[in-house]
Structures are given as C-alpha cells and as structure tokens.
Amino acid sequence: NITEPEESAWYLNEDNSGEQWKINSDVSYGGNQSLWIDNYSIDNEFEFEIWSKPFDLSDIPSGDDVHISLKYAYAQIDDYNEDRMRLYVSDDCGETWTLRKQWTISSGLVSSSDTELPFLPADNNDWNAEIVDIPETDYSSSVSFKFWFRSDNGNNIFIDNINIYAGDVGINEPAQNNFVLYPNPTSGIIFIDHFDKSIYPKDFTLLDVSGRILDIKIKDKLGKFCFDTNGLSKGVYFLKIDTHVETFVVE
Numbered sequence: 203n204i205t206e207p208e209e210s211a212w213y214l215n216e217d218n219s220g221e222q223w224k225i226n227s228d229v230s231y232g233g234n235q236s237l238w239i240d241n242y243s244i245d246n247e248f249e250f251e252i253w254s255k256p257f258d259l260s261d262i263p264s265g266d267d268v269h270i271s272l273k274y275a276y277a278q279i280d281d282y283n284e285d286r287m288r289l290y291v292s293d294d295c296g297e298t299w300t301l302r303k304q305w306t307i308s309s310g311l312v313s314s315s316d317t318e319l320p321f322l323p324a325d326n327n328d329w330n331a332e333i334v335d336i337p338e339t340d341y342s343s344s345v346s347f348k349f350w351f352r353s354d355n356g357n358n359i360f361i362d363n364i365n366i367y368a369g370d371v372g373i374n375e376p377a378q379n380n381f382v383l384y385p386n387p388t389s390g391i392i393f394i395d396h397f398d399k400s401i402y403p404k405d406f407t408l409l410d411v412s413g414r415i416l417d418i419k420i421k422d423k424l425g426k427f428c429f430d431t432n433g434l435s436k437g438v439y440f441l442k443i444d445t446h447v448e449t450f451v452v453e
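Using our numbering, you'd call the opening residue of the sequence shown number 203 and step up by one each time.
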C-alpha cells in the first residue's frame, strides 16, 4: 500500500516572471480542474517547479512496481519553441532530486497542433497520457514527486489526473494494449485507464474463467472508470472492454 500525506497538497516556487503552476477551473481532462502554466504570456525563459508532500513507500514489497500516471496537454506556437517538462523523484524530503522522465518537443511533449493563439485543449483528443515507472531505489518513507517546466516562449501547458499506484503494470503496456487496470491484483476498487486518445470505451463485460458473464456496475469518477470487486471470489477474471480483453486477479 502507498500511504498518502495527511493533507493532500503541493508546494511550488514562484519565479520572477510572476507566473507559476496554478489551478485552472475551466480546463480538465475529465474532472473540473487541472494544473497549468500560462506559458503563452511569458516573454523570457523561466523555470517552474511544483512538488508533492512526501508519500510513504517503505512498505512496498520488493519486486512490486510503483508507477505515477498523468494526463498532459501542450501545443507549440511554432517550430522554434523548445519548452520542456520533467518529472523528478526525491527519497529524502526534497534534499536531492533524481530525474525520472523528460518530455521535449521531439519526445512526446506536444499533444495538439501548433497554434498562434493561447492554447486551450478543446477535448480529450488534445491530451497525452503517460505512465512512469518508479524504481525500487526510490522507495522510502519520504518520497516526493516534482514537475519541472522550462518556458522557451512557447504555449500553455496543462497536467491532470496525477495518480501514484502500485501494481504489475509496465511502461510499455498501455501503448500495446490501450487499456490498463490498476491496482492489479486487487481486493477492492479497480480503475480502468485508456491511453489511445481515439478510443473511448463504451461496453464493459465481466467474465470468470469459465466464460460466465457476471454483473458489473461501472462508475465514472471524474473521467476515470472504476468498479468494486468486493463480492467477487478470489481468482482470475476477464474484463472485456468493447473488443479488447484485460485480465485481473482478485485476492
């Protein structure tokens, strides 16, 4: 299990541009708000940081994987912008930070077409999705996550649906299968995430190993699909999502 901070909060720095990471209540992937930087209004190069209160990962068993997933949206003004975003992890309360992921113009940062207007994602097709693996060397009782963004006179950046979870999910699996179930194995609520922006799941069918169809009630919580496995016996199950099938285990 991952122990969350007593109060969910993020810390941030305010650069001398006067801008910083802020809450945007008008734009989100599936809820009612997101993090963003009004990068369009910035005329010079600045760096912005926002980092979490520490999480306790010390009781994660050896061999179990921890991941951080997120949705983000960004567009260039033109081909000359070199904005970039990074994810850092600290296992010593922010004394030192280790780079775990970088997004650049040439490596996945762009999620929508160039625009000379202030970028606002029009719908979920303007967002990218990512899962970043957190190595066991980062597991401690005080693990913090930091998003760093460097402005290079580009356009606005948005982040939403930041989740930290433990489960047997690899970084390449979403790209291959489009869907991921987590946590897996589970003994309670299980979430369904989809990573192909052109796919929006409509039909869900739950089956046991014999192929028998079971009752299932899918809930949509702020754009995330989930269902409760309480009431299911321990064992292996199959969730058919439209024409795709995912396997999960109830412990």
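Where a beta carbon is used, it is the ideal one built from N, C-alpha and C, also for glycine.
Quantities reported herein were computed from a predicted structural model and do not represent experimental measurements.
Self-check item: Best match in Ile252, Phe440 and Phe427 for proximity to Lys348 [C-alpha to C-alpha]
Solution: Within the sequence shown, numbered from 1, the residue matching residue 348 stands at position 146. That would be Ile252, whose Cα lies nearest to the Cα of Lys348.
Exercise. Check whether the Cβ atoms of Ala277 and Phe321 sit closer than 8 Å, and answer yes or no.
Key: Residue 277 sits at position 75 when you count from the first residue of the sequence shown. Residue 321 sits at position 119 when you count from the first residue of the sequence shown. Result yes, Cβ atoms of Ala277 and Phe321 sit closer than 8 Å.
Quiz prompt | Neighbourhood of Tyr231 by C-beta distance below 7 Å, restricted to the same chain and skipping five residues each side | solution = On the sequence shown, position 29 is the one that residue 231 refers to. Cβ neighbours of Tyr231 beyond the five flanking positions: Lys273, Asn326, Trp329, Asp362, Asn363 and Gly425.
Quiz item: Is the CB of Ile262 under 8 Å away from at least one CB in chain D?
Solution: Although the question refers to chain D, the structure presented lacks it and comprises just one protein chain.
Quiz item: Would a C-beta distance cut-off of 8 Å place Trp212 and Ile359 closer than the cut-off?
Solution: Residue mapping note: residue 212 aligns to position 10 of the sequence shown, counting from 1. Residue mapping note: residue 359 aligns to position 157 of the sequence shown, counting from 1. Taking 8 Å as the Cβ cut-off, Trp212 and Ile359 do not qualify as a contacting pair.
Quiz item: Alpha carbon to alpha carbon, what distance is there between Ile333 and Ala377?
Solution: Looking up residue 377 in the sequence shown gives position 175. Looking up residue 333 in the sequence shown gives position 131. In this predicted model, Ala377 has a pLDDT of only 35, less than 50, meaning its place in the structure is not dependable enough to derive any value.
Practice problem: Alpha carbon to alpha carbon, how far is Phe427 from Ile149? Give it in angstroms, no decimals. | Solution: The structure shown does not extend to residue 149, since the chain spans only 203 to 453, so no value can be given for it.
Quiz item: Given Lys442, which residues of its chain have a CB within under 6 Å of its CB, disregarding the five upstream and five downstream residues?
Solution: Within the sequence shown, the letter at position 240 stands for residue 442. Excluding sequence neighbours, Lys442 sits near Thr407.
Exercise. Tell me whether Tyr282 is buried or exposed, calling it buried when 16 or more other Cβ atoms sit within 10 Å of its Cβ.
Key: As a working note, residue 282 is residue 80 in the sequence shown. Taking every protein chain shown into account, the CB of Tyr282 has fewer than 16 other CB atoms within 10 angstroms, so this residue is exposed.
Self-check item: First through last residue of the beta strand (DSSP E) which encompasses Glu251
Solution: By one-based count along the sequence shown, residue 251 stands at place 49. Per DSSP, Glu251 is one residue of the beta strand (DSSP E) stretching across Phe248 to Ser254.
Practice problem: Leaving out five residues on either side along the sequence, give the residues of the same chain with a beta carbon under 8 Å from the beta carbon of Tyr341. | Solution: Here residue 341 refers to the residue found at position 139 of the sequence shown. The residues are Leu259, Ser260, Ile262, Val268 and Asp293.
Quiz item: Closest by CA to Asp335, which one among Asp266, Lys404, Ile270 and Gly233?
Solution: Position 133 of the sequence shown, counting from 1, holds the residue named residue 335. Out of Asp266, Lys404, Ile270 and Gly233, Ile270 has the C-alpha closest to the C-alpha of Asp335.
Quiz item: Between the C-alpha atoms of Glu284 and Ser243, what's the straight-line distance to the nearest angstrom?
Solution: Walking along the sequence shown from the start, residue 284 turns up at place 82. Walking along the sequence shown from the start, residue 243 turns up at place 41. The alpha-carbon atoms of Glu284 and Ser243 are separated by roughly 16 Å.
Quiz item: When we look at the beta-carbon of Ser254 and count the other beta-carbons within 10 Å, is it buried (16 or more) or exposed?
Solution: Indexing the sequence shown from 1 puts residue 254 at position 52. Flag for Ser254 reads buried.
Quiz item: Could you give the distance in angstroms between the alpha-carbon of Ser315 and the alpha-carbon of Val229?
Solution: Walking along the sequence shown from the start, residue 315 turns up at place 113. Walking along the sequence shown from the start, residue 229 turns up at place 27. Cα-Cα distance, rounded: 17 Å.
Quiz item: Does the beta-carbon of Ser435 have 16 or more other beta-carbons within 10 angstroms, so that it is buried, or is it exposed?
Solution: Along the sequence shown, read from residue 1 onward, the residue named residue 435 stands at position 233. Ser435 comes out exposed.
Practice problem: Verify whether the separation of the beta carbon atoms of Asp266 and Ala368 is less than 8 Å. | Solution: For the purposes of this step, residue 266 is taken as residue 64 along the sequence shown, with counting starting at 1. For the purposes of this step, residue 368 is taken as residue 166 along the sequence shown, with counting starting at 1. Yes, these two residues count as a Cβ contact at 8 Å.
Quiz item: Buried or exposed: Asp395, going by 16 or more other Cβ atoms within 10 Å of its Cβ?
Solution: Sequence index remark: in the sequence shown, residue 395 carries index 193 (1-based). Answer is buried; the Cβ neighbour count reaches 16.
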